[in-house]
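Protein chains in written order, with our numbering: chain A, 9 to 331; chain B, 127 to 646. Beta carbons: idealized from backbone N, C-alpha and C, even for Gly.
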Amino acid sequence: MTRFARLLRVREGSTLAILLIEIVFFGWYLWPESGSGYHPFLNGSNALLVLKYSSIYGIAAIGAAIVIISGGIDLSPGAVIALASVVTGGLLVEGGWSLAPSIAAGLLVGVVSGLLISLLVITVELPPFIATLGAMGIVRGAGFILTEGRYFDVSRVIAPGWRPLGIPLDWWPPAVMIVLAILFQMAMHRLQWGRAVYSVGGNETAALYSGISLGRIKTSVYLISATLAAVSGVVLALVQGQGKADLAMGYELDIIASAVVGGASLSGGRGSVIGAVLGALIFGVLRNALAQIPGATFYDRMIVGVVVIVIVVMDQILVKRGA
Amino acid sequence: MPGLEFIDIHKSFGAVRALGGVSFTVRSGETHALMGENGAGKSTLLKILAGIVAPDRGEIRLDDRRLAHSSPRDALAHGIGMVYQEMVTFPNLTVTGNIFAGRELTGRGGVLLEREMRLRTRDLLARLHLSLAPDAHMGHLSAAHGQLVQVARALAFDCRVLVLDEPTTALTSAEADHLFRVLDDLRQRGVTILYVSHRLPEVFRLCDRMTVLRDGQYAGTFDHELRAASRELPAATDEPRAASRELPAATPEAIVRAMVGRDLPARPAFSGTAHTEAVLRVRGLTRAPVVDDVSLDVHRGEILGVFGLVGSGRSELLETIFGLHAADRGEVFVGETRLPAGSVLGATRAGVALVPEDRQRQALLFNLALRHNLVLPRATTGRSFLMRSVEERAFSNELVRHWHIKAPGIEATPDRLSGGNQQKVVLARWLGINPRVFLLDEPTKGVDVGAKDEIHEIVRRKAVDGAACLVVSSDLPEILALAHRILVMREGRVQGELLAGQADEESVMQLATAPVRRAS
Numbered sequence: 009m010t011r012f013a014r015l016l017r018v019r020e021g022s023t024l025a026i027l028l029i030e031i032v033f034f035g036w037y038l039w040p041e042s043g044s045g046y047h048p049f050l051n052g053s054n055a056l057l058v059l060k061y062s063s064i065y066g067i068a069a070i071g072a073a074i075v076i077i078s079g080g081i082d083l084s085p086g087a088v089i090a091l092a093s094v095v096t097g098g099l100l101v102e103g104g105w106s107l108a109p110s111i112a113a114g115l116l117v118g119v120v121s122g123l124l125i126s127l128l129v130i131t132v133e134l135p136p137f138i139a140t141l142g143a144m145g146i147v148r149g150a151g152f153i154l155t156e157g158r159y160f161d162v163s164r165v166i167a168p169g170w171r172p173l174g175i176p177l178d179w180w181p182p183a184v185m186i187v188l189a190i191l192f193q194m195a196m197h198r199l200q201w202g203r204a205v206y207s208v209g210g211n212e213t214a215a216l217y218s219g220i221s222l223g224r225i226k227t228s229v230y231l232i233s234a235t236l237a238a239v240s241g242v243v244l245a246l247v248q249g250q251g252k253a254d255l256a257m258g259y260e261l262d263i264i265a266s267a268v269v270g271g272a273s274l275s276g277g278r279g280s281v282i283g284a285v286l287g288a289l290i291f292g293v294l295r296n297a298l299a300q301i302p303g304a305t306f307y308d309r310m311i312v313g314v315v316v317i318v319i320v321v322m323d324q325i326l327v328k329r330g331a
Numbered sequence: 127m128p129g130l131e132f133i134d135i136h137k138s139f140g141a142v143r144a145l146g147g148v149s150f151t152v153r154s155g156e157t158h159a160l161m162g163e164n165g166a167g168k169s170t171l172l173k174i175l176a177g178i179v180a181p182d183r184g185e186i187r188l189d190d191r192r193l194a195h196s197s198p199r200d201a202l203a204h205g206i207g208m209v210y211q212e213m214v215t216f217p218n219l220t221v222t223g224n225i226f227a228g229r230e231l232t233g234r235g236g237v238l239l240e241r242e243m244r245l246r247t248r249d250l251l252a253r254l255h256l257s258l259a260p261d262a263h264m265g266h267l268s269a270a271h272g273q274l275v276q277v278a279r280a281l282a283f284d285c286r287v288l289v290l291d292e293p294t295t296a297l298t299s300a301e302a303d304h305l306f307r308v309l310d311d312l313r314q315r316g317v318t319i320l321y322v323s324h325r326l327p328e329v330f331r332l333c334d335r336m337t338v339l340r341d342g343q344y345a346g347t348f349d350h351e352l353r354a355a356s357r358e359l360p361a362a363t364d365e366p367r368a369a370s371r372e373l374p375a376a377t378p379e380a381i382v383r384a385m386v387g388r389d390l391p392a393r394p395a396f397s398g399t400a401h402t403e404a405v406l407r408v409r410g411l412t413r414a415p416v417v418d419d420v421s422l423d424v425h426r427g428e429i430l431g432v433f434g435l436v437g438s439g440r441s442e443l444l445e446t447i448f449g450l451h452a453a454d455r456g457e458v459f460v461g462e463t464r465l466p467a468g469s470v471l472g473a474t475r476a477g478v479a480l481v482p483e484d485r486q487r488q489a490l491l492f493n494l495a496l497r498h499n500l501v502l503p504r505a506t507t508g509r510s511f512l513m514r515s516v517e518e519r520a521f522s523n524e525l526v527r528h529w530h531i532k533a534p535g536i537e538a539t540p541d542r543l544s545g546g547n548q549q550k551v552v553l554a555r556w557l558g559i560n561p562r563v564f565l566l567d568e569p570t571k572g573v574d575v576g577a578k579d580e581i582h583e584i585v586r587r588k589a590v591d592g593a594a595c596l597v598v599s600s601d602l603p604e605i606l607a608l609a610h611r612i613l614v615m616r617e618g619r620v621q622g623e624l625l626a627g628q629a630d631e632e633s634v635m636q637l638a639t640a641p642v643r644r645a646s
């Protein structure tokens, strides 16, 4: 019991607990009625499916969490995901480019978007909400202009059963997400840079008075956020086989919700990368399970909304008790 | 006539006892001071009085009726008006809007009676001798006017007890004088005033009696006889006068002893170390319009005091030296190194440290542990990318021990510390990287007497160790006690320089208020 209490004390612990409770609940709720040994929810291929789809959100949520910890917000990841999928997909399908340069070009979408946002936030001094709202429109629009309504069927150029580096394609998204999550979690807690991100989010003026370069830190967080969104977009293009300008519509809010459910505070200075990934998994499990309950899909959005509020309220209660 | 009675008030937060049975009486019509160091329980007592927190035990009685209120709004309805230390106002509303916020006068159907409220505001402002338009925007007012608008708000609802929490921290002495005259005036009209302050001169200027709290306990009430004798309230002559004979007389020494629980050591005399090598040299530093052609030298082991009224450019001078703003003209040298303009990192790497004026806003990170706060300057000036937790803990623990910071541990967040200890954290973290030039802006603002002494001691020790210290303060006695040399500023210019031996309050004030000398 005390060990469980201590686990809850760590913010990632309570997010993990919620994820496990959710899995146990749906495992029970969707238990097959009579003797058939096949469980529609608790089986290996469904687990892989959940991981695969959650990763698109999860990879971008790592960046969203870092931006939110720095006291900012990023509304552009949905648009960056779409544009990156268009660029990578278009170059592969119509451009005849080979794989590595196509991926690099897709990631470059993120770098350019991140630099644009940094310029707007730091040099033009726009509030991050406005800067990234504008960037969202610009980036999404660029996708429509490039495709002119076309859709790049990437799966055409990908051989079935392709195993890059010997790893099955479907395993790639979760693998990328987990590796990036571990890397950025360590960066946030082992590097001076990570401490500076927490400092800027906690008290920007004090950070300035301590000699931290606000411009450098903010540039880095928006650059990371947009680049991770581009990673999501490239993964989406390759694994799901499509490049389309209207992909990932509205994902930005789910991505922010993942970070918040994982412990990020929108007032800055608090949050966790691992928590954001667990948050994305919570929503992934929820969407997957609801899709298997007849009639529940209509309730999908509402349940997601209620879950965000309930988890954040629980977090507030835990924080208050801890203090 | 009983007035406001606190009877055996107890309050604990978790394991921390904030108040352990405090009882005292504020007589009706008197001006009563509530004093004590940070952490003595004053704020908790005020929060209970305002209805923000409920006491665990005990009660507050106003004119023999038990006060059962549970919110600041309730407190105001019972005739208790609070003026808070920090400005709790709406900068986006007008003065009228602020005075009537939450209790607007309304007519039929809930329509706001704008004209009526504006007229009453005009009246109130006149009573407070404030030349302000009722439609002025609160955000444009000075701190002093903001404070007085809070007083007006309390008066708008006919409060019988006016409570002021450290009202002069953000005021210049002229503004404070205005406030004192207003309070004298209110006292004449029979308003009971509870005045919370650290500052002895103010309390002696204003108050009839003084109650001191220490560590959540009542430490005594003192009678300020001179003040009480000059009272012009006819009602309070017979009975309380007899009772007041029982009380010890108020002297600064007695009150400090009650607050600190010991006698403070006498201020050590300055040895005035040999001024040889100028560590900090500022030449013609200009940043329009706040800093105008300032040149100065601070030598090894010297404490240079900079005095000036609000708006004289003192803080801006420090911030420009520190590189928070790029100068238009002029140069800053540390030793032989010329500092790059507008680079904090450049300044800190050359060994310049700045303890800013507002520790809550400009210095501390409340989302991170004390340990992270304490290593911040070392981390930013250092060139290592990695953080080493073990080393950080050792470094932080050493700072906490060496500078006697009272804290529940290095993993606690800074909000768990008293104001004085928070300030010591801000000093200690710069001292941890052994600065050659130590800039301090209002280093003892809002800290209690004991911590103030410790902070002065820290600055002196640092100077003895060979640092060049530059202390900005609006607390003239502090400058006189601490500095070897005093520069006086006005409108961004250096008005003159005095040696510690020659300077007194009068000569410094004269320079600070004299017309600006413009270079021909």
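Item checked: Contacts of M336 (chain B) in chain A (Cβ-Cβ under 9 Å) -> What you label residue 336 (chain B) is simply residue 210 of the second sequence in a count that begins at 1. Simply none; closest approach about 34 Å.
Determine, using beta carbons only, whether A234 (chain A) and G151 (chain A) come nearer to each other than 7 Å.
On the first sequence, position 226 is the one that residue 234 (chain A) refers to. On the first sequence, position 143 is the one that residue 151 (chain A) refers to. No.
query = So which residues on chain A does A505 (chain B) lean against when the C-beta distance must stay under 7 Å?
reply = In the second sequence, the residue the question calls residue 505 (chain B) occupies position 379. Those are Q200, R203, listed as they occur along chain A.
inquiry  = List, in chain order, every chain A residue whose beta-carbon is nearer than 8 Å to that of P482 (chain B).
reply    = The residue you call residue 482 (chain B) lines up with position 356 of the second sequence. Going along chain A in sequence order, the residues near P482 (chain B) (Cβ under 8 Å) are Y217.
With DSSP as the reference, please indicate the residues paired to D103 (chain B) in a beta bridge. Only positions 127 to 646 of chain B appear in this structure, which leaves residue 103 (chain B) out of reach.
Using Cβ-Cβ distances below 8 Å, what residues of the region 491-504 of chain B are close to chain A? L491, F492, N493, L494, H498, L502, P503
Looking at chain B, is there any beta carbon in it that lies within less than 7 Å of the beta carbon of Y61 (chain A)?
The residue you call residue 61 (chain A) lines up with position 53 of the first sequence. For Y61 (chain A), the answer is no, since every Cβ of chain B falls outside 7 Å of its Cβ.
For the alpha helix (DSSP H) containing H528 (chain B), name the first residue and the last one.
As a first step, residue 528 (chain B) must be located in the second sequence, where it is residue number 402. Where H528 (chain B) is concerned, the enclosing alpha helix (DSSP H) stretches over 515-528.
Give every residue of the same chain whose Cβ lies closer than 6 Å to the Cβ of A452 (chain B), excluding the five residues on either side of it in the sequence, and list them in chain order.
-> As a working mapping, residue 452 (chain B) is identified with position 326 in the second sequence. Excluding sequence neighbours, A452 (chain B) sits near A467, G468.
**Study point:** Host beta strand (DSSP E) of H136 (chain B) (start-end)
**Key:** Along the second sequence, one-based indexing puts residue 136 (chain B) at 10. Looking at the DSSP string, the run of the beta strand (DSSP E) that includes H136 (chain B) is 130-139.
Notebook entry, point to check: S121 (chain A) touches chain B at which residues, Cβ-Cβ below 9 Å?
Noted result: Along the first sequence, one-based indexing puts residue 121 (chain A) at 113. Per Cβ cutoff of 9 Å: no residues; S121 (chain A) is ~26 Å from chain B at best.
- Task: Give every residue of the same chain whose Cβ lies closer than 6 Å to the Cβ of L333 (chain A), excluding the five residues on either side of it in the sequence, and list them in chain order.
- Result: Residue 333 (chain A) is absent from the model: chain A starts at 9 and stops at 331.
- Can you grab the Cα-Cα spacing for the pair L107 (chain A) / L100 (chain A), in whole Å? Sequence index remark: in the first sequence, residue 107 (chain A) carries index 99 (1-based). Sequence index remark: in the first sequence, residue 100 (chain A) carries index 92 (1-based). In a straight line, the C-alpha of L107 (chain A) is about 7 Å away from that of L100 (chain A).
Quick one: is Y307 (chain A) buried, meaning 16 or more other Cβ sit within 10 Å of its Cβ, or exposed?
Taking the first sequence and counting its residues from 1, the one referred to as residue 307 (chain A) is at position 299. So Y307 (chain A) counts as exposed.
### Message
Checking 7 Å against the spacing of the C-beta atoms, do L267 (chain B) and L254 (chain B) come in under that value?
### Response
Counted from its first residue, the second sequence places residue 267 (chain B) at position 141. Counted from its first residue, the second sequence places residue 254 (chain B) at position 128. No, the Cβ-Cβ distance between L267 (chain B) and L254 (chain B) is not below 7 Å.
Chain E partners of A384 (chain B), CB-CB under 9 Å? Checking the listed chains, one finds no chain E in this structure; the protein chains it contains are A and B.
**Study point:** Contact set for L274 (chain A): own chain, Cβ-Cβ below 8 Å, skip 5 residues either direction
**Key:** Within the first sequence, the letter at position 266 stands for residue 274 (chain A). Within the same chain, L274 (chain A) has close Cβ partners I76, I81, V268.
Note to self: Quick check: what's the CA-CA separation for Y159 (chain A) versus A238 (chain A)?
What the structure shows: Indexing the first sequence from 1 puts residue 159 (chain A) at position 151. Indexing the first sequence from 1 puts residue 238 (chain A) at position 230. Their Cα atoms are separated by approximately 18 Å.
Beta-carbon proximity check, D200 (chain B) vs G184 (chain B), cutoff 7 Å:
The residue you call residue 200 (chain B) lines up with position 74 of the second sequence. The residue you call residue 184 (chain B) lines up with position 58 of the second sequence. Their beta carbons are not under 7 Å apart, which means D200 (chain B) does not touch G184 (chain B) by this criterion.
Requested in this report: Mind the definition here: the region 499-515 of chain B touches the region 579-596 of chain B only if three or more C-beta pairs lie below 8 Å; say whether that holds.
Outcome: no
Quiz item: Would the beta-carbon of R497 (chain B) be found less than 6 Å away from any heavy atom of the ligand MG?
Solution: Looking at this structure, you won't find the ligand MG or any other ligand, since it has none at all.
Along chain B, which residues have their Cβ under 8 Å away from the Cβ of R278 (chain A)?
-> Working through the first sequence from its first residue, we reach residue 278 (chain A) at position 270. Those within 8 Å of R278 (chain A) in chain B are N493.
- Nearest-angstrom Cα separation, counted from I135 (chain B) out to V142 (chain B): The count along the second sequence starts at 1 and reaches residue 142 (chain B) at position 16. The count along the second sequence starts at 1 and reaches residue 135 (chain B) at position 9. Those two C-alpha atoms are separated by around 15 Å.
Task: Beta carbon proximity, Y206 (chain A) to chain B, threshold 7 Å - done: Locating residue 206 (chain A) in the first sequence gives position 198, counting from the first residue. For Y206 (chain A), the answer is yes, since a Cβ of chain B falls inside 7 Å of its Cβ.
* Can you give the beta carbon distance from G342 (chain B) to F283 (chain B), rounded, assuming they're within the 8 Å contact cut? -> Taking the second sequence and counting its residues from 1, one reaches residue 342 (chain B) at position 216. Taking the second sequence and counting its residues from 1, one reaches residue 283 (chain B) at position 157. The Cβ separation is near 31 Å, so there is no contact.
Self-check item: Classification of P360 (chain B) by the beta-carbon crowding that lies within 10 angstroms, buried from 16 upward
Solution: On the second sequence, position 234 is the one that residue 360 (chain B) refers to. At P360 (chain B) the pLDDT is 44, less than 50, meaning the model places this residue with poor confidence; the figure from the coordinates comes in the next sentence. Exposed.
Worksheet item: Going by the CB atoms, is the gap between T222 (chain B) and R244 (chain B) shorter than 7 Å?
Response: Counting from one through the second sequence, the residue named residue 244 (chain B) turns up at place 118. Counting from one through the second sequence, the residue named residue 222 (chain B) turns up at place 96. Yes, they are a contact pair.
- Query: Cβ of A638 (chain B) within 7 Å of Cβ of I429 (chain B)?
  - Reply: Residue numbering aside, residue 638 (chain B) sits at position 512 when the second sequence is read from its first letter. Residue numbering aside, residue 429 (chain B) sits at position 303 when the second sequence is read from its first letter. Result no, Cβ atoms of A638 (chain B) and I429 (chain B) do not sit closer than 7 Å.
Exercise. Any C-beta of chain A sitting closer than 7 Å to the C-beta of Q314 (chain B)?
Worked result: Here residue 314 (chain B) refers to the residue found at position 188 of the second sequence. No, no contact with chain A.
(request) Using a Cβ cut-off of 7 Å (strictly closer), state whether Q488 (chain B) contacts chain A. (result) Position 362 of the second sequence, counted from the first residue, corresponds to residue 488 (chain B). With 7 Å as the cut-off, Q488 (chain B) counts as an interface residue toward chain A.
- prompt: How about V470 (chain B): is its C-beta nearer than 7 Å to some C-beta of chain A?
  reply: Stepping through the second sequence from its first residue, residue 470 (chain B) is reached at position 344. It does; some Cβ of chain A falls within 7 Å.
For P641 (chain B), is the classification buried or exposed, using 16 other Cβ atoms within 10 angstroms of its Cβ as the cut-off for buried? The residue you call residue 641 (chain B) lines up with position 515 of the second sequence. That one is exposed.
- Amino acids of chain B, ordered along the chain, whose beta-carbon sits closer than 7 Å to that of A214 (chain A): Against the first sequence, residue 214 (chain A) aligns to sequence position 206. Going along chain B in sequence order, the residues near A214 (chain A) (Cβ under 7 Å) are Q488, A489, L490, L491.
- Message: Going by beta-carbon coordinates alone, are G434 (chain B) and R616 (chain B) separated by less than 7 Å?
- Response: Stepping through the second sequence from its first residue, residue 434 (chain B) is reached at position 308. Stepping through the second sequence from its first residue, residue 616 (chain B) is reached at position 490. A contact, by the Cβ cut-off of 7 Å.
| message | Is it buried or exposed, P302 (chain A), if we count other Cβ atoms within 10 angstroms and call 16 or more buried? | response | Residue mapping note: residue 302 (chain A) aligns to position 294 of the first sequence, counting from 1. It is exposed - the Cβ of P302 (chain A) has fewer than 16 other Cβ atoms within 10 Å.
Any C-beta of chain B under 7 Å from that of R224 (chain A)
In the first sequence, the residue the question calls residue 224 (chain A) occupies position 216. For R224 (chain A), the answer is no, since every Cβ of chain B falls outside 7 Å of its Cβ.
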